[in-house]
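Undergrad: The following block contains the structure, expressed as structure tokens.
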Amino acid sequence: MSDRESATDAISSFTRRALIVIGLVGLVSVLLYFANRLLGVLLLVFASVLVAVAIDGMVRLCQRYLPLSRPWALVLAAVLILLVLVGLGALVGPPLMEQLSQLTQELPQAFQQLVGMARELPGVEQALGGVEDPARSLAQPVLNRATSVLSTTFDALTSFLLALLVGVYLVVDPAEYARNLLMLCPPARRERLGQVLGMQGQALRLWLISRLISMVFIGVFVALGLAVMGVPMAGALGLIAGLLTFIPYLGPILGVIPTVLIAFLQAPQLGLYAVLLYLFIETLESNVVTPLAAKGMVRLPPAYTVVVQLAGGVVAGVAGVMLATPLAVAIAVAVQMLYVEDVLGDDVEVLGEP
């Protein structure tokens, strides 16, 4: 082969590789563009997967203790979930709704009083300068944000119902959807990817159980503690604290804010006691309850969890913060199994692994 032919072949090979790289870059760019445009839909799909995983956990629990086929176990799980929701709604629904309504009225007053107390501290008045109404100036952005949130309440409720509906469809026959997803993968990798999907489902179930234990413990004991201390609307404040505990680490910080404001409205000393109560309950939950009741549950390192939550908030707002941690659990399982184990060849304790 002459030098000229060799040079021509080299140029052709280089051109082919360059075209392949350009094509891959273009494909990735298009996928990222559509992923950004469809971010809300993708988050809704993942929320539906979480709903399906939660219901599937109930189905597996029924099948473990009762000789039922999956369809009958699914029916029993649905009936049990419905009975629990209806029972709780009938028992604590009316007083909680009344307390929540009262809470929305008294929180601005508590904020005003807290700012007034702060102005009496040495140097605060000079630092505020010519601000006539610092409480209004500080609260206005918060009120604007709250108004924006309230205006999208219908959208949030619609998204929740859609996630619930899609989750129910997924849990009826999860194997079918898993098979359809694996059909998009190379045949030689389908078995391994099926194992990854199974481990991701198990890790998410364990993570949801750990969150449920924390939510119930925090909500019940915050409500009881505040009631004993004489803080009004203890049930509503406990409910808020329990629900926000779904978001690890950041949620409890947000949950203590309304509690402290309402307690300070009664007396500054009571506000301090409320903070101490909240710190005691959180410490007890993190160091005693969860290790004992949720042994083997999935728990990500705190720094890693907070970083992914902040990233989720930047990318997708409140929904990103709420779904960032379970999404990080699913990604961590895939990285551990497909990269650390399969590529690097290292043994690692996969999240959710028995």
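Numbered continuously in the working numbering, the sequence shown closes out at residue 1067. Backbone N, C-alpha and C define an ideal beta-carbon position, used for all residues, glycine too.
Could you check whether residue 1021 and residue 1045 sit closer than 7 Å to each other, using their CB atoms as the reference points?
TA: Against a cut-off of 7 Å, the Cβ pair of residue 1021 and residue 1045 comes out as no contact.
Undergrad: Please state whether DSSP places residue 890 in a helix, a strand or coil.
TA: The answer is helix: DSSP assigns residue 890 an H, G or I state.
Undergrad: Between the beta-carbon of residue 941 and the beta-carbon of residue 994, is there less than 7 Å?
TA: No. Outside cutoff.
Undergrad: For residue 757, which residues from the same chain have a beta carbon less than 7 Å from its beta carbon, with the 5 sequence-adjacent residues on both sides left out?
TA: The answer, listed in chain order, is 872, 875 and 876.
Undergrad: Measure the C-alpha to C-alpha separation of residue 1018 and residue 1066 and round it to an integer number of angstroms.
TA: Distance between the alpha carbons of residue 1018 and residue 1066: 19 Å.
Undergrad: DSSP three-state call for residue 1047: helix, strand or coil?
TA: Note: residue 1047 maps to helix in three-state DSSP.
Undergrad: Select from 1011, 1036 and 889 the residue whose C-alpha is nearest the C-alpha of residue 1023.
TA: Minimum Cα distance to residue 1023 is reached at 1036.
Undergrad: Excluding the five sequence neighbours on either side, which residues of its own chain have a C-beta within less than 7 Å of the C-beta of residue 895, listed in chain order?
TA: Once the five neighbours on either side are set aside, the close Cβ partners of residue 895 are 903, 906 and 907.
Undergrad: Shortest alpha-carbon distance to residue 1057 belongs to which of 1063, 976 and 1049?
TA: With distances taken between Cα atoms, residue 1057 lies closest to 1049.
Undergrad: Alpha carbon to alpha carbon, how far is residue 882 from residue 857? Give it in angstroms, no decimals.
TA: Because residue 857 carries a pLDDT of 49, less than 50, the predicted location of this residue cannot be relied on, and no value is offered for it.
Undergrad: Taking buried to mean at least 16 other C-beta atoms within 10 Å of its own C-beta, is residue 792 buried or exposed?
TA: Per the 10 Å Cβ criterion, exposed.
Undergrad: Under the criterion of a Cβ to heavy atom distance below 6 Å, does residue 1044 qualify as lining the ligand ADP?
TA: Judged by which ligands are present, the structure shown has none, so any question about the ligand ADP falls away.
Undergrad: For a test of the three-state rule: what should DSSP assign to residue 926, helix, strand or coil?
TA: Residue 926: helix per DSSP, three-state reduction.
Undergrad: Confirm, please, whether the CB-CB distance from residue 763 to residue 1039 is below 7 Å.
TA: The answer is yes: Cβ separation under 7 Å.
Undergrad: Secondary structure at residue 1054, three-state DSSP: helix, strand or coil?
TA: Note: residue 1054 maps to helix in three-state DSSP.
Undergrad: Please report the straight-line C-alpha distance between residue 1053 and residue 973, rounded to a whole angstrom.
TA: Those two C-alpha atoms are separated by around 45 Å.
Undergrad: Are the Cβ atoms of residue 963 and residue 767 separated by less than 7 Å?
TA: Result no, Cβ atoms of residue 963 and residue 767 do not sit closer than 7 Å.
Undergrad: What's the call for residue 733, buried or exposed, on a 16-neighbour Cβ count within 10 Å?
TA: Counting Cβ neighbours within 10 Å, residue 733 comes out exposed, since fewer than 16 surround it.
Undergrad: Taking Cβ positions only, does residue 939 come closer than 7 Å to chain C?
TA: The structure shown contains no chain C, having only a single protein chain.
Undergrad: Using 8 Å as the Cβ pair cut-off and three pairs as the minimum, do the region 950-959 and the region 917-933 touch?
TA: With the cut-off at 8 Å, the region 950-959 and the region 917-933 touch.
Undergrad: Cβ atoms of residue 923 and residue 1010: under 7 Å apart, would you say?
TA: The answer is yes: Cβ separation under 7 Å.
Undergrad: Does DSSP put residue 970 in a helix, a strand or coil?
TA: Of the three classes helix, strand and coil, the one that applies to residue 970 here is helix, per DSSP.
Undergrad: Please work out which residues of its chain come closer than 6 Å, Cβ to Cβ, to residue 884, disregarding the five sequence neighbours upstream and downstream, and give them in chain order.
TA: Within the same chain, residue 884 has close Cβ partners 765, 768 and 769.
Undergrad: Locate the alpha helix (DSSP H) running through residue 981, then write down its first and last residues.
TA: Run containing residue 981: 981-997, per the alpha helix (DSSP H) assignment.
Undergrad: Nearest to residue 788 by CA position, among 960, 989 and 775, is which residue?
TA: Out of 960, 989 and 775, 775 has the C-alpha closest to the C-alpha of residue 788.
Undergrad: Excluding five sequence neighbours on each side, which residues of the same chain lie with their C-beta closer than 7 Å to the C-beta of residue 794?
TA: Hits under 7 Å: 771.
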